[in-house]
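Number of protein chains: 2
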Amino acid sequence: MKNITVGKLAKEAGINLETIRYYENINLMPKPKRTKSGYRVYSEIDLNRLRFIKNSQQLGFTLKEIKELLFLRIDEETTCNDLQKMAEHKIEEVNFKIKELNKIKKALKTLASQCNDQGPKSECPILENLES
Amino acid sequence: MKNITVGKLAKEAGINLETIRYYENINLMPKPKRTKSGYRVYSEIDLNRLRFIKNSQQLGFTLKEIKELLFLRIDEETTCNDLQKMAEHKIEEVNFKIKELNKIKKALKTLASQCNDQGPKSECPILENLES
DNA sequence: GTATACCACGTACTATACTACTTGGTTTTA
DNA sequence: TAAAACCAAGTAGTATAGTACGTGGTATAC
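Chains as they are written, first to last, in the working numbering: chain A, 506 to 637; chain U, 506 to 637.
If you want it as structure tokens, here you go:
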């Protein structure tokens, strides 16, 4: 890959051009070289970094966490254990969220099942529950 | 309950005083009567409304959805079926979220299990996966 | 009567992750 | 060469749900 400008990079990475500038502002992407006229100049390395960011997001990592992952990605002392730890911590978070959602689901199901379809709202268990 | 000011209402409802003003601004709470000096004056009805809002939030409803619930709460033509519909829709949303979270969890577990703890990052499946 | 607590409003900020727009310079295309 | 496409920066806005602060007026307690 030859050097490319930000619009081409955005297209290759499948993200919004403005997002790349945003990522640079929040230090998720390094400041790239520039042309004489001030255009940003990117390479394959930058494209790979954006793919890394995107894949990490799909695994539920926040931008803050991804910044950490990106550091571990280049740090010479990083072991597989470091990465594993981050994955395991994220798994715990996901488990908690699932647990909370199941609570909500259970409560909603209970209320919905107590509903008499055509009953007036004055006898609706959902309303009664929300007003207690 | 006699008429009370916003600070007392906030305390009774267990929410932040500023949040009540925020809810008024976004039309989640009606504009209350005022004293001569401009103080807001609230009653039991307002406290009940805030409790309704809070309980609805705990069931996963957004403020926007809660606004709708509050409308159904007072509309004369509302049936229990209307409320049931909203609950069922929220259940579907929750199910979708759980499904997405389980996907993430599965992917993370797979990656974490392939890790050789003390292995160098150059052989780490987590990194390899995130870079693809 | 005075100090303290309460209230009002408007503006701005927090968290998270973007996205859009204006103005003006540069590069590419026909 | 001119038009179209691209780029830059900075500001502001979106979504969602709040929270904090400064300035100044009012009510309560001692």
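Heads up, the beta-carbon is just placed ideally off N, CA and C, and yes, glycines get one too.
When Cβ-Cβ separations below 8 Å define contact, U/Pro625 makes contact with chain A. The C-beta of A/Ala617 comes closer than 8 Å to at least one C-beta of chain U. In this model, A/Leu564 and U/Glu581 are separated by some 46 Å (Cα to Cα).
In this structure, the CA atom of U/Leu606 is about 10 Å from the CA atom of U/Ala612. Taking a Cβ-Cβ threshold of 9 Å, the residues of chain U close to A/Ile609 are Gln563, Leu564, Gly565, Lys595, Ile596 and Val599, in chain order. Counting only Cβ-Cβ distances below 9 Å, U/Ile550 has no contacts in chain A at all, with the closest Cβ about 11 Å away.
When A/Ile520, A/Met534 and A/Leu514 are compared, the shortest CA-CA separation from A/Ser548 is found for A/Leu514. Taking CB atoms only, U/Lys538 has no neighbour in chain A less than 8 Å away. Assignment of U/Ile531 by DSSP, reduced to helix, strand and coil, places it in the coil class. Within 10 angstroms of the beta-carbon of U/Gln589 lie 16 or more other beta-carbons, which makes it buried. Cβ-Cβ separation between A/Ile571 and A/Leu522: approximately 19 Å, too far for a contact (criterion under 8 Å). Scanning chain A for C-beta atoms nearer than 7 Å to the C-beta of U/Lys602 yields Leu606, reported in chain order. Residue state for A/Lys513 is assigned as helix, using DSSP reduced to three classes. It is roughly 18 Å from the alpha-carbon of A/Glu636 to the alpha-carbon of U/Lys569.
By the neighbour-count definition (other C-beta atoms within 10 Å, threshold 16), U/Ser542 is an exposed residue. Contact annotation: A/Lys626 and U/Thr583 have beta-carbon atoms nearer than 8 Å.
Assignment of U/Pro537 by DSSP, reduced to helix, strand and coil, places it in the coil class. DSSP, reduced to helix, strand and coil, places A/Thr583 outside both helices and strands of the structure shown, so it counts as coil. Straight across, the Cα-Cα distance linking A/Phe601 with A/Val546 is about 42 Å. Proximity of U/Lys569 to chain A, defined by a Cβ-Cβ separation below 8 Å, is not satisfied. Within the same chain, and ignoring the five residues on either side of A/Tyr527 in sequence, no residue has its Cβ closer than 7 Å to its Cβ. If one requires a minimum length of 3 residues, no beta strand (DSSP E) run lies completely within the region 576-634 of chain A.
A/Lys608 and U/Ile596 have their C-alpha atoms roughly 11 Å apart. Looking at U/Ile509, U/Lys559, U/Lys516 and U/Ser561, the one whose alpha-carbon comes closest to that of U/Pro537 is U/Ile509. Proximity of chain A to U/Ala518 at the Cβ level (cut-off 7 Å) is not reached, the minimal Cβ distance being about 13 Å. A/Lys604 sits exposed, since fewer than 16 C-beta atoms from the chains shown fall within 10 Å of its C-beta.
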